[in-house]
Structure formats: C-alpha cells, structure tokens
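Q:
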Amino acid sequence: MSYVVAVRALCEFAAKRGDLDLRFTPAPTALEGMAGHQTVVQRRSAGYISELSLSGEFEDLTVRGRADGYDSTRNQLEEIKTYRGDLKRMPDNHRQLHWAQARVYGHLLCQTRGLATTTVALVYYNVVSQKETVLSEEYSAEALADFFARLCHVFMAWAEQELAHRAVRNEALSALTFPHADFRPGQRELAEAVYKTASLGRCLMAEAPTGIGKTVGTLFPLLKALPTQQLDKVFFLAAKTPGRRLALDALGLIRRPQPTPPLRVLELVARDKACEHPDKECHGESCPLAQGFYDRLPMARLAAVEVGGMLDQATLREVALAHQVCPYYLSQELARWADVVVGDYNYYFDIGGLLYGLSQLNQWRVCVLVDEAHNLVERARKMYSAELDLPALKAAQKVAPPKVKRALGKARRAWERLDRDQEVRYQVYPAVPEDLLQTLQQAGSAITDHLTEHPTGMDPVLQRFYFDALHFCSLAELLDVHSLFDASQIVASGRGQPGSVLCCRNVVPAPFLRQRFEDAHAAVLFSATLSPWHYYADLLGLPEGVGWMEATSPFRPEQLQVHLARHISTRYADRSSSLEPIVELMAAQYAKQPGNYLAFFSSYDYLQQVLSVFRARHPAVPVREQARQMDEAAREQFLAHFEVGRQGIAFAVLGGAFGEGIDLPGERLIGAFVATLGLPQLNPVNEQIRQRMQQCFGAGYDYAYLYPGLQKVVQAAGRVIRTTEDSGVVHLIDDRFTRPEVQALLPHWWPPAR
Numbered sequence: 003m004s005y006v007v008a009v010r011a012l013c014e015f016a017a018k019r020g021d022l023d024l025r026f027t028p029a030p031t032a033l034e035g036m037a038g039h040q041t042v043v044q045r046r047s048a049g050y051i052s053e054l055s056l057s058g059e060f061e062d063l064t065v066r067g068r069a070d071g072y073d074s075t076r077n078q079l080e081e082i083k084t085y086r087g088d089l090k091r092m093p094d095n096h097r098q099l100h101w102a103q104a105r106v107y108g109h110l111l112c113q114t115r116g117l118a119t120t121t122v123a124l125v126y127y128n129v130v131s132q133k134e135t136v137l138s139e140e141y142s143a144e145a146l147a148d149f150f151a152r153l154c155h156v157f158m159a160w161a162e163q164e165l166a167h168r169a170v171r172n173e174a175l176s177a178l179t180f181p182h183a184d185f186r187p188g189q190r191e192l193a194e195a196v197y198k199t200a201s202l203g204r205c206l207m208a209e210a211p212t213g214i215g216k217t218v219g220t221l222f223p224l225l226k227a228l229p230t231q232q233l234d235k236v237f238f239l240a241a242k243t244p245g246r247r248l249a250l251d252a253l254g255l256i257r258r259p260q261p262t263p264p265l266r267v268l269e270l271v272a273r274d275k276a277c278e279h280p281d282k283e284c285h286g287e288s289c290p291l292a293q294g295f296y297d298r299l300p301m302a303r304l305a306a307v308e309v310g311g312m313l314d315q316a317t318l319r320e321v322a323l324a325h326q327v328c329p330y331y332l333s334q335e336l337a338r339w340a341d342v343v344v345g346d347y348n349y350y351f352d353i354g355g356l357l358y359g360l361s362q363l364n365q366w367r368v369c370v371l372v373d374e375a376h377n378l379v380e381r382a383r384k385m386y387s388a389e390l391d392l393p394a395l396k397a398a399q400k401v402a403p404p405k406v407k408r409a410l411g412k413a414r415r416a417w418e419r420l421d422r423d424q425e426v427r428y429q430v431y432p433a434v435p436e437d438l439l440q441t442l443q444q445a446g447s448a449i450t451d452h453l454t455e456h457p458t459g460m461d462p463v464l465q466r467f468y469f470d471a472l473h474f475c476s477l478a479e480l481l482d483v484h485s486l487f488d489a490s491q492i493v494a495s496g497r498g499q500p501g502s503v504l505c506c507r508n509v510v511p512a513p514f515l516r517q518r519f520e521d522a523h524a525a526v527l528f529s530a531t532l533s534p535w536h537y538y539a540d541l542l543g544l545p546e547g548v549g550w551m552e553a554t555s556p557f558r559p560e561q562l563q564v565h566l567a568r569h570i571s572t573r574y575a576d577r578s579s580s581l582e583p584i585v586e587l588m589a590a591q592y593a594k595q596p597g598n599y600l601a602f603f604s605s606y607d608y609l610q611q612v613l614s615v616f617r618a619r620h621p622a623v624p625v626r627e628q629a630r631q632m633d634e635a636a637r638e639q640f641l642a643h644f645e646v647g648r649q650g651i652a653f654a655v656l657g658g659a660f661g662e663g664i665d666l667p668g669e670r671l672i673g674a675f676v677a678t679l680g681l682p683q684l685n686p687v688n689e690q691i692r693q694r695m696q697q698c699f700g701a702g703y704d705y706a707y708l709y710p711g712l713q714k715v716v717q718a719a720g721r722v723i724r725t726t727e728d729s730g731v732v733h734l735i736d737d738r739f740t741r742p743e744v745q746a747l748l749p750h751w752w753p754p755a756r
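Using my numbering, the first residue of the sequence shown is number 3, and each one after it goes up by one.
#1: Mind checking which residues open and close the beta strand (DSSP E) that includes residue 131?
#2: In the structure shown, what three-state DSSP assignment does residue 717 receive?
#3: Ignoring anything shorter than 4 residues, give me the alpha helix (DSSP H) runs that lie fully in the region 560-615, in order along the chain.
#4: Since residue 747 contacts residue 533 with CB under 8 Å, what's their CB separation in whole angstroms?
#5: Using 10 angstroms around the beta-carbon of residue 80, count the other beta-carbons present and answer buried if the total reaches 16, otherwise exposed.
#6: Since residue 449 and residue 406 are thought to touch, with beta carbons under 8 Å apart, how far apart are those beta carbons, to the nearest angstrom?
#7: Please list, in chain order, all residues of the same chain as residue 739 whose beta carbon is under 6 Å from its beta carbon, the five residues on each side excluded.
#8: Would DSSP call residue 675 helix, strand or coil?
#9: Would you call the region 508-523 in contact with the region 374-387, where contact means no fewer than 3 C-beta pairs closer than 8 Å?
#10: Going by the beta-carbon positions, is the gap between residue 42 and residue 122 smaller than 8 Å?
#11: Would you mind working out which of 331, 344, 267 sits nearest residue 373, comparing C-alpha positions?
#12: Answer yes or no: do residue 702 and residue 693 have a C-beta to C-beta separation smaller than 8 Å?
#13: Mind the definition here: the region 479-496 touches the region 455-469 only if three or more C-beta pairs lie below 8 Å; say whether that holds.
#14: Note down, one range per segment and in chain order, each beta strand (DSSP E) of at least 3 residues found wholly within the region 508-535.
#15: Report yes if the C-beta distance between residue 737 and residue 571 is below 8 Å; otherwise report no.
#16: When the Cα atoms are used, what is the spatial distance from residue 507 to residue 474?
#17: Please state the DSSP three-state secondary structure of residue 284.
#18: Once the 5 residues before and after residue 599 are set aside, which same chain residues still bring their CB inside 6 Å of it?
#19: Per DSSP, which residues does residue 752 bridge with? Please list them.
#20: Who are the Cβ neighbours of residue 54 in its own chain at under 6 Å, not counting the five residues just before and after it?
#21: Rounded to the nearest angstrom, what separates residue 327 and residue 340 at their Cα positions?
#22: If you draw a straight line from the alpha carbon of residue 648 to that of residue 752, how long is it in whole angstroms?
#23: By the DSSP assignment, the beta strand (DSSP E) with residue 733 in it spans what residues?
#24: Can you tell me whether residue 289 is helix, strand or coil according to DSSP?
#25: What does a CB cutoff of less than 7 Å around residue 370 pick up in its chain, not counting 5 residues either side in sequence?
#26: Counting only beta-carbon atoms, is residue 462 nearer than 8 Å to chain B?
#27: Look up residue 669 in the DSSP assignment and say whether it is helix, strand or coil.
#28: For residue 133, which of 717, 82, 735 has the nearest alpha-carbon?
#29: In the DSSP assignment, find the unbroken alpha helix (DSSP H) run with residue 199 in it and report its ends.
#30: Taking only three categories from DSSP, how would you classify residue 546?
#31: For residue 685, count neighbouring C-beta atoms within 10 Å of its own C-beta (all shown protein chains included) and say buried if the count is 16 or more, exposed if not.
#32: Apply the 10 Å Cβ neighbour rule to residue 90 and answer buried if 16 or more other Cβ atoms are within range, or exposed otherwise.
#33: In terms of alpha-carbon separation, which member of 668, 653, 234 lies closest to residue 608?
#34: Does the separation of the CB atoms of residue 16 and residue 156 fall below 8 Å?
#35: How long is the line joining the alpha carbons of residue 708 and residue 741, rounded to whole angstroms?
#36: Less than 8 Å between the beta carbons of residue 22 and residue 286, yes or no?
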C-alpha cells in the first residue's frame, strides 16, 4: 500500500526548521498572488508549461503536486513566489522551504521526462514593482534524486507508521459495534441514511429531534464508512462549544465498550483559548513556545500521536508544554494526522478555513458532519460580510505616518462625498463607488509599504483598520447578487463622531459554500430544525440531488401539551395591551403545576415590560432574568437555578444563549412560554434582505422572516422534552400561531394544539 503525500506537505514536514514567526509581514492578497503568477507566466515563451502535474515514487511513498512552470526551451523548472517589500527581509527558513519545494519538483520532472540535468529556479515576483528576481541553480538528476531521497527518508518512518496506523484503524473500525444494546427510535434510520450517504458520496440533510441520539447516530456510521470508502478524515463541525463537547463525549462512548480502536480524535479550539502567553507576540524573540518551534515539533508530534485516542484541549496542552511548543500551533499541525477532527464551522467554511485548505492541498477524501446545521446560515453570512466605519478611518488617520496619512485622507474624502450625497440614513447601492474602493485599496497598499520598511511598532488603531479594510476590499471585489453593499449613517451623540458604516453584507452564502460541499466526499447536515429543507438547501448552496430525511421521533405526543394563546397579539403595536394577558396566562400555568419554566420574548425591552407587571401582580412566584450581556460564568449561574426541587420562571430572549444548545431534562424544566413568532425585526436592513430573497428565490417574506423566526421558536420549545421519560407543556403566545402556514412549520410529532 502506497502512502500519498503532496510536495508541499513533504517539504513542510522534512525541511522546515527554526522559529514559529507570526510577526506581520506584508504579503500579497490571494488575488494579487494569482495575478502575479499569471503575469510571470504571460512573460514566458510559447513553449512554457504552467501548472505542470508531477508525481513520483520512493519505496512505498507517492509524492505528487503541481509545479508552477517549466520552460522546455531552456530546460528550467520554476517555482513562483509573489511578495511585497524588500526580498532581503524574507526569513531564511522561508527561503530554504521554497528551495526544497523547487528541488523536489526538479527531481520529479527529471524522473518523468528522463532528463539528465535541469535548471531549478526560484522566481520572486514583487506585486508592487512588478519586477522579477530569479535565483537559479543547475542540478544533475542524480543530485536532485539524492535530495529527494533524503527528504523521503525523513518522512518514510512517519509514513510507515501512518500506513500501519491506518491499517489497524480500518481493521478495528470494521469490527466496531454500536455502543448501546440497541438503537433508539429513529436512530437506526438516521445511521443507515448517513452510511448510505457516505457510500454514495452524496450530501444529506437530516432533521431529527433532540433525544434521538443524533451525535452518536451520525458519527458511528461515518466511522464504519472510513475503511469501506477509504476515507481519510471525518470533520465534525459545531456552532458552539457545547456541540464540540457532545461530539467528544459521543466519540468516547463509541470507543468505550469494546477493544479501543486506534482512532485519533483531535479537538481544535480558538487561538485565544489555547494561547499560553497572551501577553507575548507569536515569534521566537518574544514567546518561548515559538522559539525553535519547528526544531522541537517532530518530537512533540510523535508524542501526540503515541498518546492516541482523545487529543482534546487538555491532553494536547499537556503534550505541547512537555515539549515546549505552542499548543495552538501543535493542534494545527496535528490536523494533518488526526482521523476525526472536532472544531468550529469556521475551520472548514471560512475564507481561509484550515481544514478545507489542508483537504485541498492533500486531496483528502473527507466526510463533513455539520452539527445544528440551522446555525450555519447566519454564521456563514458573517464569515462573508465586512464592515468599515468612518470614525475608525479618522482615528487611523490621526496616528498614521505622513505617507499613509495622505492615502487615508484620499479615502476619507471619497467616503465623505458618498455621505454628502446620501439623503436617507440607510441606503443600498448597486456597488461600492469606484473612487472609494480604489482609494481604500491604495490606502491599504500604503500601509503595506510602510510596514515593509517598518515591520515593528504598528499602532493598534491603524493595524485594526488596515485588516478591516483589506477584508472589506476583498469582499467588495466579489460583490454580486448574493450580497448587498449598504451605508448606514451614524447619529452623533455625546462624544461620538458622525459618519457612516459601510457594509458588504452577505445575504445568500451559497456561492461561497457550494464548492466546499462539492469538494467533500460526503456531507451530512443535521439538526432538530431543518424545515423547510429547500430554505437551507438554497441558502447553503447544497449540491443538486441533496438527500432529505426526517427521522422518526422518540417522543410520544402525550408527553407534550401544546397550547395556543389564540386571542393575544405580540405585534409591536399591541405590546402594551398584551402584558396583562401574558402575565395571567403564565401565572395560571404556574399555579396549576409549579416547577421550572422558561419564558421567551422577542427583545429585552419586551421582557422587562412583562417581568415588571409579573413581579407586581405575583410577587410570590420566584423569577429571574437574562441580562443583556452575560459572560460564560453568568450563563452557567443562570442555568444552575434549574434544579430538581427548585421552582420559578426564568425570563429570556428568543434566539439568545438559552434558546438552544442547553439540556435541562426531567424536572429541571417542565414548560416554556414563547411570546413571539421570532420574526426578525422590521427594519430597512431586513427589508432589503427580503427584497433580495424575493429576487433570488421568489419567497421574500418566508425566507427573510417566517422561516428564521419559526426555527427559533421550535428550538426554544425543544428545551422542554429532552428524554423519552420527560413530559411538559409549551404555550405559544400569539394569534398568528393559528395560521396554517405557521402550524405547518411546527414539529410533526407535536400533538394537536389546544
């Protein structure tokens, strides 16, 4: 069995040395890099071959990749690198890595074409001056083969270990048995659908209620599919920390009742949660865990894989500190060698998603599991949106050096012209004005050039605006029907500065996500709320022929009572008249069956109005409220009150921290009041989204308001029944809940509302 490795991965493994150095160095954008490559290629003669696919063998190792270019008339193999600034400032370990890649491609070229010699060249292209610096060496085929062999020898021990691991892993997973005596109702059909999806290389949307065991029911069949489908990785992607914990717990459960399969499970966490020295910069002159990072990495990497099993945050930290390397960047390295990676959505779906980039580079066959997939719409919109505000530009201008200050001044004047011409507080434009975009790009280039000459000591205010502007400009260049460009006027108050906020606002993430789903061997999106399926398929860009299943509920209708408040309106105009009826409804339910309840409202203001009346009318009933800004400790304290034997009503905001992702089984929660349809606020932004949805899908109101609103309602109501032994009550408080189109979006297993 041959082990396949990409040229870049081989060189990074075997030839990278020295410090971890993440000091900002001005680099071309992705578009500038592609344009630079094209410019170099266009300058070459007619016989020049670009993107030349090459591969070769070394014992049981297959090495493959694409060389940037080969000039057959000169017999010159070229590795093209774009850069900004002074080439002399490039760190030596970067240059050595570039040479290693070029020499490996040179060897593969000689081997493929039977060449006795070839010239290997590093072509450094400055995207600002458009000048090339060519460093070249002529090598014999024997010398290149010797270099290739040395790298492969370093990698071979690891590759043999990985091949052995994969063989044992696949054998163990083939014999893996389900961790419970039997499947729960609906869990077997979910598992079968997931396995079939992996076998066919398809995409599946699965709606399955809480309590069915969705996490185990999706992970188990994919682990069984790893050997049968020759898969490399499973990525379990979660919206929030609790989702990651559930996945790690499920994987621990799957491995526990039998001989433990040699399955490497890696947890990826955010950099700020993994950093050991947040007061230090990420380079060897500042952080001791960055100094000599790549020299100590091989032993740390080996120790981590020998630990095997669960490489969660705590275990990984222990290994990293034992070898004095950074835990966060050790986890980034181990993503290459794990079988199952558990992390946030952004690791695969964001613009620079680590897992997606590694999958493409290494041509992995991966299965992607998207937990609580209803959250991906909003999360993806944020990933592909960008904001800039004028006060931030003004602040950056104040601290900028003279040349940068002038460039920022031009951008400011173009921005202020846009503001002067805007007659309303919120305005959507067909595109970013050309002069504004151009001056923002020029300002970014000016800051980049300044950093090239002065790589340290950048003012934080200027740096923050710089990165925001780069992101904004990159998305502005991609603006299309999937996004809006809008400007919102800032109303000055107190010391606040007037101006505006510019936003490239993504509305339909599908064009950005579609390729991510297509490049996965298989993808499974699961949640308790994925109805209507076409809404999520349209917005997320799921492939044609995406499968859909609705798992059988494990709950009996008699476990839940659903009541409709048919004569109460929670519309904004009716809020004041709704307060007393809502309070009396809640008090009557509590008097009938004291216990723990959650009450959800559309906003903090509405919550406070109802709470004020409730306290005045029913002071004996214990109440507590969700605060506007609650950190993790405050949220845990809020949930700690939901204990067996305690009673009271907790007031919360629909769509907030307590509307989903919390588990309060049994008597910890016996009922919920939902005093809203959850419809997004009627405002100019949402109205523009409605219009764009109408343009794209012909169902503007449903896509912008109804479907997102009801999804939050069902999620909140889903806090009540968590296990097959639970029982409870849900009060849906608004006359619009009686409408057929609304009731059609409620879970099918719910009993008829009373």
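Note that the Cβ used here is the ideal one computed from N, Cα and C, for glycine as well. A quick note: this is a predicted structure, and the numbers were derived from the prediction, not measured.
A: Quick look at the numbers:
#1: Taken as a continuous stretch (DSSP letters only), residue 131 belongs to no beta strand (DSSP E), as it is neither H nor E.
#2: Residue 717: helix per DSSP, three-state reduction.
#3: Within the region 560-615, the complete alpha helix (DSSP H) runs of at least 4 residues are 577-594.
#4: The C-beta distance from residue 747 to residue 533 rounds to 6 Å, short enough to fall under 8 Å.
#5: Counting other Cβ atoms within 10 Å of its Cβ, residue 80 reaches 16 or more and is therefore classed as buried.
#6: Sure, about 5 Å apart at Cβ, within 8 Å.
#7: Only 566 meet the Cβ criterion.
#8: Correct three-state label for residue 675: strand.
#9: Yes, the region 508-523 touches the region 374-387.
#10: Note that the C-beta distance between residue 42 and residue 122 is not below 8 Å.
#11: Closest option to residue 373, Cα to Cα, is 344.
#12: Cβ atoms of residue 702 and residue 693: closer than 8 Å.
#13: No: fewer than three Cβ pairs fall under 8 Å.
#14: Qualifying beta strand (DSSP E) stretches, in chain order: 524-529.
#15: Taking a C-beta distance under 8 Å as the contact criterion, residue 737 and residue 571 qualify as a contact pair.
#16: Cα to Cα, the separation comes out at about 10 Å.
#17: In this structure, residue 284 counts as coil in the three-state DSSP scheme.
#18: Taken in chain order, the residues that qualify are 651, 673.
#19: Paired residues: none, contrary to the question.
#20: Annotation for residue 54: 69, 72 place their beta carbon closer than 6 Å to its own, counting only its chain and skipping 5 residues before and after.
#21: Taking the straight line from one Cα to the other gives about 18 Å.
#22: Whole-angstrom Cα-Cα distance: 27 Å.
#23: Residue 733 -> beta strand (DSSP E) spans 730-735.
#24: Three-state result, residue 289: coil.
#25: Excluding positions up to five away in sequence, the list reads 237, 239, 350, 522, 525.
#26: Here there is only one protein chain, and chain B is not present.
#27: Here residue 669 sits in helix by DSSP.
#28: Here the closest residue by C-alpha is 82.
#29: 189-202 is the span of the alpha helix (DSSP H), which, as asked, contains residue 199.
#30: Three-state DSSP puts residue 546 in coil, outside helix and strand.
#31: It is exposed - the Cβ of residue 685 has fewer than 16 other Cβ atoms within 10 Å.
#32: Result: exposed.
#33: Nearest to residue 608 by alpha-carbon distance, out of 668, 653, 234, is 653.
#34: Residue 16 is a Cβ neighbour of residue 156, given a cutoff of 8 Å.
#35: Those two C-alpha atoms are separated by around 12 Å.
#36: At a Cβ-Cβ threshold of 8 Å, residue 22 and residue 286 count as neighbours.
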